[in-house]
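Note that the protein sequences, when read in sequence, are chains A and B. Start counting the first sequence at 1; every next residue gets the next number (the working numbering). Start counting the second sequence at 499; every next residue gets the next number (the working numbering).
Number of protein chains: 2
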Amino acid sequence: MFESAELGHKIDKETYDKEVPPLREALLEAQIDLAKLAKFPVIILVGGVDGAGRGETVNLLNEWMDPRFIQTHGMGEPSDEELDRPMMWRFWRELPPKGRIGVFLGSWYTWPILNRVAGRTKMADLDQSLERAKRLETMLVDEGALILKFWMHLSKEKQEKRLKLLEKDPKTRWRVTKRDWEHYKMYDKFHVVSESVMRHTSTAEAPWIIVEGFDARYRGLTVGKTILDAVRKRIDEAGKKGAEVSAPPPLPSIDKLHILKTLDLGQKIAKKDFQTELEKYQGKLALLTRSPKFRDLTVIAMFEGNDAAGKGGAIRRITGALDARQYNIVPIAAPTEEERAQPYLWRFWRHIPRRGRVTIFDRSWYGRVLVERVEGYCSKTDWMRAYSEINDFEAQLVRHRIVVVKFWLTISKDEQMRRFKEREKIGFKRFKITEEDWRNRKKWDEYEHAVCDMVDRTSTEIAPWTLVEANDKNFARIKILKTLCRQIEAAMKKKKGS
Amino acid sequence: MFESAELGHKIDKETYDKEVPPLREALLEAQIDLAKLAKFPVIILVGGVDGAGRGETVNLLNEWMDPRFIQTHGMGEPSDEELDRPMMWRFWRELPPKGRIGVFLGSWYTWPILNRVAGRTKMADLDQSLERAKRLETMLVDEGALILKFWMHLSKEKQEKRLKLLEKDPKTRWRVTKRDWEHYKMYDKFHVVSESVMRHTSTAEAPWIIVEGFDARYRGLTVGKTILDAVRKRIDEAGKKGAEVSAPPPLPSIDKLHILKTLDLGQKIAKKDFQTELEKYQGKLALLTRSPKFRDLTVIAMFEGNDAAGKGGAIRRITGALDARQYNIVPIAAPTEEERAQPYLWRFWRHIPRRGRVTIFDRSWYGRVLVERVEGYCSKTDWMRAYSEINDFEAQLVRHRIVVVKFWLTISKDEQMRRFKEREKIGFKRFKITEEDWRNRKKWDEYEHAVCDMVDRTSTEIAPWTLVEANDKNFARIKILKTLCRQIEAAMKKKKGS
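#1: If we cut at 8 angstroms on Cβ distances, does L288 of chain A have a partner in chain B?
#2: Which residues in the same chain as V797 of chain B place their Cβ atom closer than 6 angstroms to its Cβ, once the five residues preceding and following it in sequence are excluded?
#3: Which residues does DSSP pair with L467 of chain A in a beta bridge?
#4: Which two residues bound the contiguous beta strand (DSSP E) that contains H153 of chain A?
#5: Could you tell me whether the Cβ atoms of T262 of chain A and L148 of chain A are closer together than 8 angstroms?
#6: Which parts of the region 537-578 of chain B are runs of the beta strand (DSSP E), unbroken and 3 residues or longer, counting only runs that do not cross its ends?
#7: What does F303 of chain A pair with, by DSSP beta-bridge criteria?
#8: For D475 of chain B, count neighbouring Cβ atoms within 10 angstroms of its own Cβ and tell me buried if that reaches 16, exposed if not.
#9: By the criterion of Cβ-Cβ separation under 9 angstroms, what are the contact partners of G553 of chain B in chain A?
#10: Consult DSSP for S996 of chain B and reduce its assignment to one of helix, strand or coil.
#11: By a C-beta neighbour count over all protein chains shown, 10 Å radius and 16 as the cutoff for buried, is S364 of chain A buried or exposed?
#12: Give a yes or no on whether 8 angstroms exceeds the smallest Cβ distance from D515 of chain B to chain A.
#13: Taking 8 angstroms as the CB-CB limit, is V231 of chain A close to chain B?
#14: Around the Cβ of V690 of chain B, are there at least 16 other Cβ atoms within 10 angstroms (buried) or fewer (exposed)?
#15: With distances taken from CA atoms, which of B:P519, B:H947 and B:I509 is nearest D753 of chain B?
#16: Which runs of the alpha helix (DSSP H), 4 residues or longer, sit entirely within the region 228-302 of chain A?
#17: Using C-beta distances below 7 angstroms, list every residue in its chain close to A961 of chain B, excluding the 5 sequence neighbours before and after it, in chain order.
#18: Quick check: what's the CA-CA separation for F792 of chain B versus W174 of chain A?
#19: Using 8 angstroms as the threshold, is the C-beta distance between W649 of chain B and I599 of chain B below it?
#20: Using 8 angstroms as the limit for Cβ to Cβ distance, is P67 of chain A near chain B?
#21: Rounded to whole angstroms, what's the CA-CA distance from E25 of chain A to A491 of chain A? Just pull it up for me.
#22: What are the boundary residues of the beta strand (DSSP E) that E212 of chain A is part of?
#23: Can you tell me the Cβ-Cβ gap for N328 of chain A and Q569 of chain B, rounded? I've got them flagged as a contact below 8 angstroms.
#24: What's the call for E82 of chain A, buried or exposed, on a 16-neighbour Cβ count within 10 Å?
#25: For the pair the region 31-48 of chain A and the region 121-135 of chain A, tell me if three or more CB-CB distances fall below 8 angstroms.
#26: List, in chain order, every chain A residue whose beta-carbon is nearer than 7 angstroms to that of D818 of chain B.
#27: I need the straight-line Cα distance from L61 of chain A to G224 of chain A, nearest angstrom please.
#28: Which residues in the same chain as H898 of chain B place their Cβ atom closer than 6 angstroms to its Cβ, once the five residues preceding and following it in sequence are excluded?
#29: Would you mind working out which of A:D169, A:S412 and A:D188 sits nearest K156 of chain A, comparing C-alpha positions?
#30: Once you ignore the five residues that flank I976 of chain B on each side, which residues in its own chain have a CB closer than 8 angstroms to its CB?
#31: Start and end of the alpha helix (DSSP H) containing Y682 of chain B?
#32: Within 8 angstroms of any Cβ in chain A, is that where the Cβ of S996 of chain B sits?
#33: Tell me, please, which residues DSSP counts as bridged to I315 of chain A.
#34: Out of B:M499, B:G718 and B:E575, which one is the CA nearest neighbour of T513 of chain B?
#35: Mind the definition here: the region 544-559 of chain B touches the region 317-332 of chain A only if three or more C-beta pairs lie below 8 angstroms; say whether that holds.
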């Protein structure tokens, strides 16, 4: 795997001096086109062995290119706000928007590799991390990103030589730390682990580019030319439409029996019982969320449902039991300009709360496989891949001890009509009923089909859907409160790290 | 000051039950109008003595109103990311956008009061904090915000009674902490300090509303009605245009002598000397920013100048000396949708870096008193108040040990013409010259006038302008590097807290 990067690649000064000026000009032009068209972001990961010139290469790139459109992130120790969220949050918050270049010194590979080399994790853990990284990259590429993964390599002998050279020069001496020498001692282990990482994660859409790091001129030119070539090609391709997936979209159940039909929408709760139950479960929720154990948890509750199914009312019954400082409601509307310049999951990642807090999404990331699918706001390919992307996203949340609770509120078509008409009558509820609601209603069957597919494909053991019979609002509210309490209790009982 | 809030205000249950439903409906309607019009944000501060029902009131508001459009922030201990920035950063990051309500439990008054009560600060420090708070609020109000400041009051005797009552009830016992009783012991001191705070910061545009906190029904209704009344009035007023300031805008200097004319634009540096100097100061900057002392500093360098004055080139000479992980360049373009929903300084606050880092603004918050003034993008009132708002903003940065370095790059009108023409010729520089540049050029005198006013009004001892003679690019680059190094060195010599 590293053979070609141990050949002693070298570029003489004359060649270098001749090649750099046109390369710089071409890079600048590519950057300008990239920024002007703003069709895709460029994500550059830089990894490799100590002393192989990772930082120097990145500095060189910044010198060559227009530093206003490229941003470098040194992913060192995470901050406390970052530790409070899933590991990937810190990368999501720094993702470059379309038209920009983001360079990550240190990436989602860094800690998995270091942990494995230091023996803090097992091979199986590493494999899992790599699998996740691969899936993340596939998603980013599918969302339009250009990913370039550079690995700066040195043979063991060359690493020693480089570190000694750096140490000898008073100008670079400060760069060599004790840690570098410690890492050097682990070279063989590091070599094995990183080889395995390259092997597993060099995919067709985001292959590793291994660069011999000893000769600065060779290294710089190689990285510069690779970036230029890749960006230029993607810009030229950007006009062409990508191929659609050939898999046919799922058919509706052919015997008309589907999961939503199995719900007994006639379920009710008497008003008196409702008051008792409401007090009981709100009280329980209040106690749970105020318990010291809760400080270590995070709750993300998510509401989807038919129009007028009563999401708002159900949410208010939850927040009524919470401390206002503790929760945040994110009503999902059309994405903003800044959100449109990012992968579609970005606008949900940005709202992931810190520990000890509750975030309630009023509509959610499932918009992609519901309204966007039915209304044709995204391509078939886009929504068909969204199922697994969403499963990956939720798996990351759950792995970080976030309780993910997902509610689908179902009402019958007749009940919806009754509520629409009622809303049109009542003054301050009139705003709740729009042209769009009537339009959606016409596509009832298509939405129903989309909901069934969604439940089939995203109701997982770690983040199951709770289907809520909502023809009776109070019945729905109690079921929701109960479910929420149960899931929080279950999470509290689980030990950390299990 | 607190007399009216010690009268034993009380609302009986019957009145309460009659008044709440219409109040809730009216609040909901006001919220909907607020969200639909999205003309201004509502900022609610809730302070007061322990046990006076601050948290309960906020929870009640959330219960009454649509929780999707109101967000509560418990401003407890700051995170490490917040500690790394000026105190106000954490409030800026949570400011509600237009059309939304943001509730702050704990505000910019909390720490100044607590610090004074605990004797950690002097009266003069408190006065300074209050002065800053007042100026901040004036700015927010001028930017369109509606600010409501509630102070929940209890007499000493009532505070004791409330705390005891809360302790007796098993359902509320957890709310009373040791700290509450400690604060109770300091009641008198607290009383004196907070009285002085009310007195100094009850301004016409954002007066304190003192609410007796003993009776929950009285407290809730008072706060609810006050909010309703204020929001409703502002919505109804929103159609009307505010009065313009009557002060006339500054006249250009009547004898045509002005600060820019005093610059000797003929200053040059020979190419050979430039290389020597460049290496010298880039080396110096590299050493300074890599010194351990730098970890405790932050640098914000800001570039303004005539079109084609060479900002980009000067910035590249700085970044060439820095580590790419350490800096960030923020090119200021038109504000995004999310930025337009906030006070104009918000989009700069969001880029304030953590310690040990350098942020370079390519154009800046001075846009308001330059292009926005000259092109009429904002009203005269807006740009005239911007001078002091900007001075306040920079004072906050400097107080937090941020080195603020401001450059104005001046070229002559002839030199600009030469560069425009040259740019039109060179392929990859063509993008740099736009219709807008030619249009701006026609307003040369007006811009010059605006620049002179800007320098006169915002070149302060803590954040002085450096005027750079930029007809010779290399001369400008060296002057900029030198200045930057000098200001960083000066900041390093200053002791913390001095």
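The beta carbon of each residue, even a glycine, is placed where N, CA and C say it ideally should be.
So, to answer that:
#1: Looking up residue 288 of chain A in the first sequence gives position 288. So no, L288 of chain A is outside the interface.
#2: Reading the second sequence from its first residue, position 299 is the one you call residue 797 of chain B. Around V797 of chain B: V856 and V901.
#3: Residue 467 of chain A sits at position 467 when you count from the first residue of the first sequence. Paired residue(s): A:W408.
#4: Counting from 1 along the first sequence, the entry for residue 153 of chain A is found at position 153. Residues L146 to H153.
#5: One-based indexing of the first sequence puts residue 262 of chain A at position 262. One-based indexing of the first sequence puts residue 148 of chain A at position 148. No. Outside cutoff.
#6: 540-546 and 568-572
#7: Here the question's residue 303 of chain A lines up with position 303 in the first sequence. DSSP lists A:D362 and A:F407 as partners of F303 of chain A.
#8: Examination of residue 475 of chain B is not possible in this model, given that chain B is present from 499 through 996 alone.
#9: Numbered from its first residue, the second sequence carries residue 553 of chain B at position 55. Within chain A, the residues near G553 of chain B are D323, A324 and R325.
#10: Residue mapping note: residue 996 of chain B aligns to position 498 of the second sequence, counting from 1. The predicted model places S996 of chain B with a pLDDT of 48, which falls under 50 and marks its position as unreliable; any figure quoted below should be read in that light. Three-state DSSP puts S996 of chain B in coil, outside helix and strand.
#11: The residue you call residue 364 of chain A lines up with position 364 of the first sequence. With 16 or more other Cβ atoms within 10 Å, it is buried.
#12: By 1-based counting over the second sequence, the position of residue 515 of chain B is 17. Chain A contact via Cβ: absent.
#13: Counting from 1 along the first sequence, the entry for residue 231 of chain A is found at position 231. It does not; no Cβ of chain B falls within 8 angstroms.
#14: Numbered from its first residue, the second sequence carries residue 690 of chain B at position 192. The residue is exposed, with fewer than 16 neighbouring Cβ atoms inside 10 Å.
#15: Indexing the second sequence from 1 puts residue 753 of chain B at position 255. The option with the nearest alpha carbon to D753 of chain B is B:H947.
#16: 271-290
#17: Working through the second sequence from its first residue, we reach residue 961 of chain B at position 463. For A961 of chain B, where only same-chain residues beyond five positions count, the Cβ hits under 7 angstroms are E892, V896, V902 and K904.
#18: Reading the second sequence from its first residue, position 294 is the one you call residue 792 of chain B. Reading the first sequence from its first residue, position 174 is the one you call residue 174 of chain A. About 15 angstroms.
#19: As a first step, residue 649 of chain B is located in the second sequence; it is residue number 151 there, counting from the start. As a first step, residue 599 of chain B is located in the second sequence; it is residue number 101 there, counting from the start. Taking 8 angstroms as the Cβ cut-off, W649 of chain B and I599 of chain B do not qualify as a contacting pair.
#20: Along the first sequence, read from residue 1 onward, the residue named residue 67 of chain A stands at position 67. Yes - at least one Cβ of chain B is within 8 angstroms of the one on P67 of chain A.
#21: The sequence position of residue 25 of chain A within the first sequence is 25, counting from 1. The sequence position of residue 491 of chain A within the first sequence is 491, counting from 1. Taking the straight line from one Cα to the other gives about 56 angstroms.
#22: Within the first sequence, the letter at position 212 stands for residue 212 of chain A. Start and end: W208 to E212.
#23: Counting from one through the first sequence, the residue named residue 328 of chain A turns up at place 328. Counting from one through the second sequence, the residue named residue 569 of chain B turns up at place 71. The pair is a contact, with the Cβ atoms about 6 angstroms apart (cut-off 8 angstroms).
#24: To locate residue 82 of chain A, count along the first sequence from 1; it is residue 82. So E82 of chain A counts as buried.
#25: no
#26: On the second sequence, position 320 is the one that residue 818 of chain B refers to. For clarity, residue 818 of chain B is Gly in the given sequence; the question names Asp instead. Correct list: E63.
#27: Counting from 1 along the first sequence, the entry for residue 61 of chain A is found at position 61. Counting from 1 along the first sequence, the entry for residue 224 of chain A is found at position 224. So the two alpha carbons sit approximately 7 angstroms from each other.
#28: Position 400 of the second sequence, counting from 1, holds the residue named residue 898 of chain B. Excluding sequence neighbours, H898 of chain B sits near P584.
#29: On the first sequence, residue 156 of chain A is found 156 positions in, with the first residue counted as 1. Of the listed residues, the one whose Cα sits closest to K156 of chain A is A:D188.
#30: Against the second sequence, residue 976 of chain B aligns to sequence position 478. Excluding positions up to five away in sequence, the list reads I767, F772, E775, L776 and Y779.
#31: Counting from 1 along the second sequence, the entry for residue 682 of chain B is found at position 184. Element bounds for Y682 of chain B: K676 to K683.
#32: Position 498 of the second sequence holds residue 996 of chain B. Here S996 of chain B scores only 48 on pLDDT, less than 50, and its place in the model should not be relied on; the value that follows carries that caveat. S996 of chain B does not count as touching chain A.
#33: On the first sequence, position 315 is the one that residue 315 of chain A refers to. None; I315 of chain A has no bridge partner.
#34: Reading the second sequence from its first residue, position 15 is the one you call residue 513 of chain B. Cα-wise, what sits closest to T513 of chain B is B:G718.
#35: yes
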